[in-house]
Amino acid sequence: MRPWHLAEVTLKVVREQPYEVAVLPVGACEAHGLHLPYGTDTYEVTAVAERACEKAWEQGAKVILLPTIPYGVDANLLSFPLTIHVRQETLNALVRDIIASLERHGIRKLVILNGHGGNEFKGGLRDLYGQTSVWVFLVDWWKVAPDERRRLFEHTGEHADEVETSVCLAIIPHLVRMDDADDGAVRPFRFEALQEGWAWTTRPWERFTKNSGCGDPRQATAEKGRRYLDAITDRLADFLVALAYSPIDDWFPFVPNEVTP
Numbered sequence: 001m002r003p004w005h006l007a008e009v010t011l012k013v014v015r016e017q018p019y020e021v022a023v024l025p026v027g028a029c030e031a032h033g034l035h036l037p038y039g040t041d042t043y044e045v046t047a048v049a050e051r052a053c054e055k056a057w058e059q060g061a062k063v064i065l066l067p068t069i070p071y072g073v074d075a076n077l078l079s080f081p082l083t084i085h086v087r088q089e090t091l092n093a094l095v096r097d098i099i100a101s102l103e104r105h106g107i108r109k110l111v112i113l114n115g116h117g118g119n120e121f122k123g124g125l126r127d128l129y130g131q132t133s134v135w136v137f138l139v140d141w142w143k144v145a146p147d148e149r150r151r152l153f154e155h156t157g158e159h160a161d162e163v164e165t166s167v168c169l170a171i172i173p174h175l176v177r178m179d180d181a182d183d184g185a186v187r188p189f190r191f192e193a194l195q196e197g198w199a200w201t202t203r204p205w206e207r208f209t210k211n212s213g214c215g216d217p218r219q220a221t222a223e224k225g226r227r228y229l230d231a232i233t234d235r236l237a238d239f240l241v242a243l244a245y246s247p248i249d250d251w252f253p254f255v256p257n258e259v260t261p
């Protein structure tokens, strides 16, 4: 039993622990190229959350890891069979109910650890401000260590690429089918504004990709995945520790009496 893992602990343990920070991982269920499983985002975000919470707990932080939400916003991948899509408003409603439960139980700090690029929580969290005493922080796990990402990987894409494939080789090697991997090639936009990123539109994944992958995974290794996970979870654990030890005062989450130009 891991005392920081809510799905594993008993009522006796929960009553004895003054938990300070809750962590809620959110994944997805969608096609991930020809070589990675549909649960990739959920496996990855759960692994990151577990390793970070364990490291934070070992440093004395009273963190509690909530069960992972295994579905996400996937309307633009529904052309691939058995991709499961939930609307953003459905996801937001579920998160609001979880926040209300945490507030009732006296936990006032929550980290939503997002594992899927299609999940957009910021708007819903802004709307929630002032309606709860719980401070909510949002972390996209793949953004935690951009320097290590650049250093370790040659072919960074977005989906079932070298990065995700390396992470999966490190955590679920038995579910990775490297012999089936293709090159992850994608179709470019016809408009320069979209190519440069200052204009945006929804990308129907069946038009954008060949087999749902985006980025060449064929240089992936488990060792790259382990190093990347170590860097991410070290930094995330440090954040959880800092949150756990920081009091919620009138200036939280800012430095009191300090304004920089």
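Residues 1 to 261 (this note's numbering) are what the sequence shown spells out, left to right. Cβ coordinates follow ideal geometry from the N, Cα and C atoms, glycine included. Bear in mind the structure is a predicted one, so any value in this text is a computation, not a measurement.
Could you tell me the alpha carbon to alpha carbon distance between Ile99 and Val111, rounded to whole angstroms?
11 Å
Helix, strand or coil: how does DSSP classify Thr209 here?
strand
Only counting the same chain, and skipping five residues up and downstream in sequence, which positions put a Cβ closer than 8 Å to that of Gln195?
Pro188, Phe189
Would the beta-carbon of Leu113 fall within 8 Å of that of Val139?
yes
Whose CA, out of Thr221, Ala31, Arg126, Ile64, lies closest to the CA of Gln17?
Ile64
Return the first residue and the last residue of the beta strand (DSSP E) that Ala22 is part of.
21-26
So which of Ala244, Leu125, Asn257 has the shortest CA-CA distance to Lys55?
Ala244
Report the residue from Ile107, Asp74, Arg104 whose alpha carbon sits nearest the alpha carbon of Thr91.
According to the sequence as given, residue 91 is Leu; it is not Thr. Here the closest residue by C-alpha is Asp74.
CB-CB under 7 Å to Thr201, same chain, minus the five flanking residues each way: which ones, in chain order?
Leu194
Checking the sheet assignment: what are the DSSP bridge partners for Lys109?
Val21, Trp135
For a test of the three-state rule: what should DSSP assign to Leu194, helix, strand or coil?
helix
List the residues that DSSP assigns as beta-bridge partners of Leu65.
His5, Val23
Supposed close pair Val26, Gly115 - CB separation, criterion 8 Å:
6 Å
Does the Cβ of Leu11 have 16 or more other Cβ atoms within 10 Å, making it buried, or fewer, making it exposed?
exposed
Just verifying my parser: in three-state terms, what is the DSSP assignment at His85?
strand
Can you tell me whether Gly33 is buried or exposed, with buried defined as 16 or more other CB within 10 angstroms of its CB?
buried
Of the residues Leu77, His5, Thr83, the one placed nearest Ala49, counting alpha carbons only:
His5
Since Tyr38 and Glu44 should fall inside the 8 Å C-beta cutoff, what is the C-beta to C-beta distance between them, to a whole number of angstroms?
Rounded, the Cβ-Cβ distance is 12 Å, inconsistent with contact.
Please confirm whether Leu77 and Ser212 have their CB atoms less than 8 Å apart.
yes
Please say whether Leu240 and Val21 have beta carbons closer to each other than 8 Å?
yes
DSSP three-state label for Leu78, please.
coil
Just curious, the alpha helix (DSSP H) that Tyr43 is in, first and last residue?
40-58
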